[in-house]
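Single-structure report; data block below.
2 protein chains.
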Amino acid sequence: MANSRLQTEDAEAGAAVVLLSGGLDSATVLAVAKEQGFRCHCLSFDYGQRHRFELTAAAKVAEHLGAAEHVVMSLDLRAFGGSALTADIAVPKDRTERAIGEGIPVTYVPARNLIFLSIAMGLAEVRGAGVIFIGVNAVDYSGYPDCRPEFIESFARTANLATKVGVDALGAGRLGLRIEAPLVKLTKAEIIRLGAGLGVDFAETHSCYDPGLGGEACGRCDSCALRRAGFIQASVPDPTRYAGG
Amino acid sequence: MANSRLQTEDAEAGAAVVLLSGGLDSATVLAVAKEQGFRCHCLSFDYGQRHRFELTAAAKVAEHLGAAEHVVMSLDLRAFGGSALTADIAVPKDRTERAIGEGIPVTYVPARNLIFLSIAMGLAEVRGAGVIFIGVNAVDYSGYPDCRPEFIESFARTANLATKVGVDALGAGRLGLRIEAPLVKLTKAEIIRLGAGLGVDFAETHSCYDPGLGGEACGRCDSCALRRAGFIQASVPDPTRYAGG
């Protein structure tokens, strides 16, 4: 492991807010933040998602990986309508990988990452955290504009302008609050290998957009398809409970 | 009034999201948006504020000024703690105007405008609105970093990067979604005169941070002090019901 100087720095990494959905990406991000020595305040959202089972998964992951706190905030995005993840639109199934990569999918939730990051910023301010970790990924989710690095960088600047600490830091030529997106350029297989190496128990994580009542994955939505292919490509055993499987 | 060409443009102004707190600033902003010909989708937040009476005020204002819709979103910011507006910290009373202008007050809600604008952005996307109106003001609330024009401009850029429509517009050198802050450089007296001229019924609005059970204003918090002084300076009769008044 690291030498004592590095360990001291690690212990002093301070507080971070980690956006934790309960999926395998954000579980891996939490493991990365812990590995870097952060005291992790995890934040999940109950936003009226069909796949609410992910909140149970998030709680397990937060506990297993030693988070300092797990805040679940209620936010009823169903008031807007407009997404298959919250409204009464069917979740697409059995799409090809090429179709998954094309355009903005109906499972897109309007402004979701913008909203989640903004609320994370509020929590970061109150907890004195200097970093927000988010598991966005521009490889598999190229259809979501709010998963791209340009968006993340612009958000960081805006968030710093929203607070006194941030304004003072910008004046001194740095960011008072940083946004870390450690998965942004990784493939699903690379994420799985990274998480496995850091002790993530993927059996605790949940990715399916349209799970059964007991949380079993449908195996056919875009999220299941990407996850399933990722485990195969990573040569890591897939612990997911699939419906009828 | 305007000529027919302007009227045609007005009728085609399209949809706007208006952040409506129920205070006199946002009521005036709604009147401005209506005057400019927008179909107004008003958005209020039930965020655990002590002065929840403002939501009743917002509903009255939205109806009176002919809003197309009034969405109230629940969002429990009390989970964070840290503000006198949501937590169990006393609301300061009887402060001088100078003291009100100094530093970040305890009534500051962490990242509030960032969060509210982000959610407004989600609603704008679903309703096809090209503009978000917000009643921020950099004169009376100079202690709030998220009321300044630099923040609003940076948010607009970030919000455009979060959506496909916005990214395409930025590529063409313009903003797909604009943020309008028509009060940003006005004094409270100027806002009151503007609203009065546009038919706002200020008796319907609510500003007090610490109201009585029937919604009567305390007359002594920072918000009451600024409002009271504004009516006097504007030479407009103050219709506010003050406690014991």
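Those protein sequences? They're chains X and W, same order as listed. For the record, in the first sequence the residue sitting at position 80 is 81 according to the numbering used here, with numbers rising by one throughout. For the record, in the second sequence the residue sitting at position 233 is 234 according to the numbering used here, with numbers rising by one throughout. Backbone N, C-alpha and C fix where the C-beta goes; we use that ideal spot for every residue, glycine too.
In chain W, which residues lie less than 8 Å from Ser75(X) when you measure between Cβ atoms? Ser75, Leu76 and Asp77
Along the alpha helix (DSSP H) that carries Glu64(X), what are the first and last residues, could you check? Phe54 to His65
Whole-Å CB distance - Val132(W) paired with Phe39(W), under 8 Å assumed: 7 Å
CB contact flag (Ala112(W), Glu126(X), <8 Å): yes
Indicate the three-state DSSP secondary structure (helix, strand or coil) for Ile133(X) in the structure shown. strand
Inter-residue Cα distance where the pair is Met122(W) and Pro146(X): 14 Å
Beta-carbon gap between Ala130(W) and His42(W) smaller than 8 Å: yes
By Cβ distance, which residues of its chain are closer than 7 Å to Glu217(X), with the 5 residues on each side in sequence left out? Arg242, Tyr243 and Ala244
Any 3 or more C-beta pairs closer than 8 Å across the region 52-72 of chain X and the region 200-214 of chain X: yes
Using alpha carbons as the reference points, say which of Leu115(X), Leu76(X), Thr159(X) and Arg229(X) lies closest to Gly24(X). Arg229(X)
So Ser155(W) contacts chain X; which residues on that side make the cut at Cβ distance below 7 Å? Arg158, Thr159 and Leu162
Kindly identify the DSSP beta-bridge partner or partners of Ser75(X). Asp47(X)
Can the beta-carbon of Ser326(W) be found less than 8 Å from the beta-carbon of Asp77(X)? Residue 326(W) is absent from the model: chain W starts at 2 and stops at 246.
For Val18(X) versus Arg179(X), is the C-beta spacing smaller than 8 Å? no
Taking the continuous alpha helix (DSSP H) assigned at Val185(W), which residues delimit it? From DSSP, Val185(W) is part of no alpha helix (DSSP H); its letter is neither H nor E.
With three or more C-beta pairs closer than 8 Å as the rule, is the region 152-171 of chain W touching the region 193-202 of chain W? no
Could you tell me which residues DSSP puts in a beta bridge with Tyr145(W)? None, per the DSSP bridge assignment.
Pull up the DSSP beta-bridge partners for Leu20(W), would you. Leu44(W)
Give me the chain X residues within the contact set of Glu126(W), using Cβ-Cβ distance strictly less than 7 Å, ordered along the chain. Pro111 and Ala112
So the candidates are Arg175(W), Leu118(W) and Thr159(W); which of them puts its Cα closest to the Cα of Cys148(W)? Leu118(W)
Should Gly177(W) go down as buried or exposed, given a rule of 16 or more other Cβ atoms within 10 Å for buried? buried
Distance, Glu36(X) Cα to Glu10(X) Cα: Because the pLDDT at Glu10(X) is just 40, under 50, the model does not fix this residue reliably, and the value given afterwards should be weighed accordingly. Whole-angstrom Cα-Cα distance: 12 Å.
Three-state secondary structure (DSSP) at Glu70(X)? strand
Using the three-state DSSP reduction, which class does Ala173(X) fall into: helix, strand or coil? coil
CB-CB length for Phe134(X) against Ala16(X), believed under 8 Å: Not quite, the Cβ-Cβ distance comes to about 11 Å (not below 8 Å), so this is no contact.
What did DSSP end up calling Cys225(W) once you bin it into helix, strand or coil? helix
Cβ of Phe81(W) within 8 Å of any chain X Cβ: yes
How would you label Lys186(W), buried or exposed, when you count the other beta carbons within 10 angstroms and need 16 or more for buried? exposed
C-alpha gap between Ile153(W) and Phe152(X), whole angstroms: 16 Å
Would you verify that the beta carbon of Val185(X) is, or is not, closer than 8 Å to some beta carbon of chain W? no
Just how far apart, CA to CA, sit Lys189(W) and Leu162(X)? 24 Å
Residues that Lys94(X) bridges to, as DSSP identifies them: Cys222(X)
Same chain, Cβ closer than 6 Å to Ala68(W), neighbours up to 5 away in sequence not counted: Cys41 and Cys43
With 16 other Cβ atoms within 10 Å as the buried cut-off, status of Asp95(X): exposed
Which value, in whole angstroms, describes the spacing of the CA atoms of Gln234(W) and Ile193(W)? 9 Å
Neighbouring residues, chain X, relative to Phe134(W) (Cβ below 9 Å): Ordered by position in chain X, no residue passes the 9 Å Cβ test against Phe134(W), which lies about 17 Å from the chain.
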